[in-house]
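Residue numbers (the working numbering): 1363 to 1462.
Virtual Cβ for every residue (Gly too), placed ideally from N, Cα, C.
These numbers come from a predicted model, not from an experiment.
I have placed the structure first, in the form of structure tokens, so that the comments after it can refer back to it.
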């Protein structure tokens, strides 16, 4: 048996490896939980942004999906635009995004 530090109980390498695996799994599950919370907050912010534009008005059951579609379309438009017309791509009228 190998004694590590000032542990009261000696543990074998196998036991330590099992503990390490368990600790990694806990860490990964916490990361996944945190990522889910971040994703949820981003979805809420995306819906709020597009809701304020009025484009989600009257939609029920598909607001989140439509907001994400608008967000993706906007991102695509920004990425496709050249440096010259980037400033003209995003206008104050959000309806321009779905007209293209």
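Residues near residue i by beta carbon distance below 6 Å, same chain, minus five either side
| i | result |
| --- | --- |
| residue 1380 | none |
Rounded separation between residue i and residue j - CA only
| i | j | result |
| --- | --- | --- |
| residue 1396 | residue 1387 | 14 Å |
| residue 1410 | residue 1389 | 32 Å |
| residue 1415 | residue 1382 | 50 Å |
| residue 1401 | residue 1372 | 43 Å |
| residue 1425 | residue 1392 | 29 Å |
| residue 1399 | residue 1406 | 11 Å |
| residue 1377 | residue 1394 | 26 Å |
| residue 1374 | residue 1440 | 57 Å |
| residue 1419 | residue 1436 | 19 Å |
| residue 1443 | residue 1423 | 32 Å |
| residue 1384 | residue 1428 | 40 Å |
Whether residue i touches residue j by CB criterion (8 Å)
| i | j | result |
| --- | --- | --- |
| residue 1421 | residue 1432 | no |
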